[in-house]
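As structure tokens, the structure follows; a few thoughts come after it.
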Amino acid sequence: MAWVIIIIGFIELIEGLIILIWPDKVKNYFRLWIEWPNRKFILPSLISLIVGLILIAIGIRLIG
């Protein structure tokens, strides 16, 4: 069970990083944008990164 949570967490992290690195390819799928000077950050990307980190932390806590 813990390994499943960790794997889902890593999938969330990868998804968030893909959205941050290539925002132009996925901007049609998301409507929540935060404008930053000379850089675009997507709110769903940040949420995905945070959820991924939380899931990985929960999985590691369950293992040990």
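With positions in the sequence shown counted from 1, the corresponding number in my numbering is that position plus 540.
Just so it is clear, CB atoms sit at the ideal spot from N, CA and C, and this is done for glycine as well.
Taking Cβ to Cβ, would you say residue i is nearer than 8 Å to residue j?
i           : j           : result
residue 546 : residue 596 : yes
residue 585 : residue 556 : yes
residue 526 : residue 604 : Only positions 541 to 604 of the chain appear in the structure, and residue 526 is not among them; the question remains open.
Going along the chain, which residues of its own chain have a beta-carbon closer than 8 Å to the beta-carbon of residue i, five neighbours each way excluded?
i           : result
residue 602 : 541, 542, 545
residue 600 : 542, 546
Drop a sphere of 10 angstroms on the beta-carbon of residue i, count the other beta-carbons inside from all chains shown, and report buried for 16 or more, exposed for fewer.
i           : result
residue 559 : buried
Among the residues of its own chain, which have a CB less than 6 Å from the CB of residue i, if the five just before and after it don't count?
i           : result
residue 588 : 552, 555, 556
What residues in its chain sit with their C-beta under 7 Å from that of residue i, if we drop five residues either side in the sequence?
i           : result
residue 598 : 545
Between which two residues does the alpha helix (DSSP H) holding residue i run?
i           : result
residue 543 : 542-561
residue 599 : 583-603
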